[in-house]
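Chains as they are written, first to last, in the numbering used here: chain A, 5 to 204; chain B, 5 to 204.
In what follows, a single structure is set out as structure tokens and then discussed.
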DNA sequence: GGCTTGACTACACGATCGTGTAGTAGTTTG
DNA sequence: CAAACTACTACACGATCGTGTAGTCAAGCC
């Protein structure tokens with residue numbers, strides 16, 4: 005699965021470079037010339053293969069989505085909530101995830117669709133695991149957002165912990181901290197009901 | 005507190021416009037000319053008052069941080085976990101929060117410092133409320149990230165719910181869903197211990 | 001062999017970017 | 001009153017952006 009860069013076609017190298025740079029610097033922050041240089045080709049070739057920057061972005065969206073689902077399928081021996089989380093550390097998936105989140109924040113339809121599919125999956129998961137929140141859809145959406153949050157703020161969380169959470173040790177630590185969030189009830193049902201009254 | 009735009013000095017209008025546009029489009033996505041037009045001044049005046057785009061960004065960082073702390077102080081009659089959340093919907097705080105999150109993702113030191121202060125606050129809160137996770141710092145960092153997550157993915161969450169969560173009704177809904185996440189234990193302590201063994 | 005086709009490069013274009021410079025109008029200060 | 005200062009605009013600069021055009025080169029097909 006992991007091939008040296010020489011084995012990839014120029015088109016694939018351009019796409020991989022685009023996903024990496026778009027993910028790191030954002031869409032506006034990565035120029036076609038940067039991407040071409042990263043891929044070791046001329047900037048004209050980027051245009052030749054993808055037509056325009058926007059079309060390149062859409063191609064990256066499609067590829068990232070497809071690839072994430074594919075990698076996810078390979079890892080679904082664990083069917084619990086944490087089963088999807090190793091994705092974030094997967095050496096191939098890491099830049100993909102980074103790109104997708106960036107793409108979401110820039111309003112990509114494909115990336116947003118991936119989020120919605122994640123919400124669907126979490127929703128089904130709550131059903132099959134006998135979790136019955138009052139607002140199942142809302143609950144699933146909140147969980148989906150939470151799942152991405154540690155990834156989005158990885159730099160900030162790493163700084164807070166004094167430990168890089170993209171390393172196995174660091175990711176293990178924040179992963180277990182997240183487990184505790186889902187284990188320790190912060191509020192009693194009574195407290196929640198009281199708040200609900202106040203807000204009305 | 006809410007003054008018409010005419011009452012603000014040009015400097016303040018530039019700063020407010022910069023925070024709004026930087027927050028919406030990112031730092032690279034908002035040009036000085038855009039900001040100047042939004043503030044109703046010439047682009048040269050932006051440079052006159054702030055020196056450079058980077059200096060403008062730092063000024064926005066400082067102002068947004070100071071203002072958020074100030075607004076937060078005004079609202080701290082509620083001292084519970086949700087006490088800080090109404091910030092996200094506060095009409096003045098909304099663009100500030102949006103800007104700060106964007107600034108974080110672009111690697112701003114000031115914005116990251118604000119995150120770290122938030123982690124400190126949550127950490128103290130767990131102590132005073134008798135919550136004792138095995139990794140208190142990690143737990144606080146996870147909670148801080150979670151608190152921002154719904155805000156970061158507000159577009160995606162809104163789409164998942166079919167309801168704009170920046171409106172009072174929608175925010176109430178996702179807020180209560182988050183409450184349920186903190187109320188329903190997803191995992192038993194036993195399950196967590198089993199996972200911990202597997203990961204080692 | 002000639003001819004098409006696709007991968008690929010070099011280069012030039014207009015637009016837009018952040019920045020620099022020069023100058024005007026109004027107020028303050030000595 | 002004159003000098004100085006501040007807020008502000010107009011305009012030009014070099015760099016960089018996405019894009020467009022022309023052409024080279026090798027492989028496959030007739």
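Every residue gets a Cβ at the ideal spot worked out from N, C-alpha and C, and that includes glycine.
Please read all numbers here as calculations on a predicted model, not as lab measurements.
Roughly how many whole angstroms lie between the Cα atoms of residue i and residue j?
i                      : j                      : result
residue 103 of chain A : residue 34 of chain B  : 21 Å
residue 43 of chain B  : residue 146 of chain A : 36 Å
residue 84 of chain B  : residue 127 of chain A : Because residue 84 of chain B carries a pLDDT of 47, less than 50, the predicted location of this residue cannot be relied on, and the following value inherits that uncertainty. Approximately 28 Å between the Cα atoms of the pair.
residue 115 of chain A : residue 107 of chain A : 6 Å
residue 186 of chain A : residue 182 of chain B : 11 Å
residue 14 of chain B  : residue 53 of chain B  : 9 Å
residue 136 of chain A : residue 188 of chain B : 9 Å
residue 121 of chain B : residue 184 of chain A : 21 Å
residue 117 of chain B : residue 133 of chain B : 24 Å
residue 190 of chain B : residue 72 of chain A  : 25 Å
residue 180 of chain B : residue 163 of chain B : 17 Å
residue 30 of chain B  : residue 62 of chain B  : 14 Å
residue 66 of chain B  : residue 70 of chain A  : 41 Å
residue 4 of chain A   : residue 177 of chain A : Past the edges of chain A, shown from 5 to 204, lies residue 4 of chain A, and the structure says nothing about it.
residue 174 of chain B : residue 25 of chain B  : 24 Å
residue 161 of chain A : residue 64 of chain B  : 23 Å
residue 47 of chain B  : residue 109 of chain B : 26 Å
Can you give the beta carbon distance from residue i to residue j, rounded, assuming they're within the 8 Å contact cut?
i                      : j                      : result
residue 99 of chain A  : residue 169 of chain A : With 8 Å as the limit, residue 99 of chain A and residue 169 of chain A do not qualify as a contact, their Cβ atoms being about 16 Å apart.
residue 142 of chain A : residue 165 of chain B : 6 Å
With a threshold of 8 Å on Cβ separation, who are the neighbours of residue i within its own chain once the five nearest residues in sequence on each side are excluded?
i                      : result
residue 159 of chain A : none
residue 17 of chain B  : 9, 43, 44 and 45
residue 156 of chain B : 105
residue 77 of chain B  : none
residue 131 of chain B : 140
Against residue i, what residues of chain A qualify as contacts under a CB-to-CB distance less than 8 Å, listed in chain order?
i                      : result
residue 16 of chain B  : None at all; the shortest Cβ gap to chain A is about 27 Å.
residue 139 of chain B : 177, 180, 181 and 184
residue 101 of chain B : Within chain A, no residue comes near residue 101 of chain B; the closest Cβ sits about 14 Å away, beyond 8 Å.
Does residue i come out as helix, strand or coil in the three-state DSSP assignment?
i                      : result
residue 12 of chain B  : coil
residue 75 of chain A  : helix
residue 38 of chain A  : helix
residue 96 of chain B  : coil
residue 119 of chain B : helix
residue 189 of chain B : coil
residue 88 of chain B  : For residue 88 of chain B, the pLDDT reaches just 44, beneath the cut-off of 50, and the residue's location in the model is therefore unreliable, leaving the point undetermined.
residue 26 of chain A  : helix
residue 138 of chain A : coil
residue 110 of chain A : coil
residue 174 of chain A : helix
residue 45 of chain B  : coil
residue 132 of chain B : helix
residue 157 of chain A : coil
residue 127 of chain B : helix
residue 162 of chain A : helix
residue 20 of chain B  : helix
residue 32 of chain A  : coil
residue 203 of chain B : Here residue 203 of chain B scores only 49 on pLDDT, less than 50, and its place in the model should not be relied on; the value that follows carries that caveat. DSSP places residue 203 of chain B in helix when its eight states are reduced to three.
residue 150 of chain A : helix
residue 168 of chain A : coil
residue 179 of chain A : helix
Excluding five sequence neighbours on each side, which residues of the same chain lie with their C-beta closer than 6 Å to the C-beta of residue i?
i                      : result
residue 123 of chain B : 144, 145 and 148
residue 21 of chain B  : 39, 42 and 43
Residue i versus chain A: which residues are under 9 Å apart at the beta carbon?
i                      : result
residue 114 of chain B : In chain order: nothing, as chain A lies at least about 12 Å away.
residue 58 of chain B  : Simply none; closest approach about 14 Å.
Taking C-beta pairs closer than 9 Å, name the residues in chain B that residue i reaches, listed in chain order.
i                     : result
residue 98 of chain A : None at all; the shortest Cβ gap to chain B is about 16 Å.
Within a Cβ cutoff of 7 Å, which residues of the same chain sit near residue i, ignoring the five residues on either side of it in sequence?
i                     : result
residue 75 of chain B : 91, 94, 96 and 97
residue 57 of chain A : 36
residue 50 of chain B : 18, 36, 39, 40 and 60
residue 68 of chain B : 23, 100, 103 and 104
Residues of chain A with CB under 7 Å from residue i, in chain order?
i                      : result
residue 149 of chain B : 153, 154, 157 and 161
residue 72 of chain B  : Those within 7 Å of residue 72 of chain B in chain A number zero; the least Cβ separation is about 15 Å.
residue 30 of chain B  : 30 and 32
residue 123 of chain B : 164
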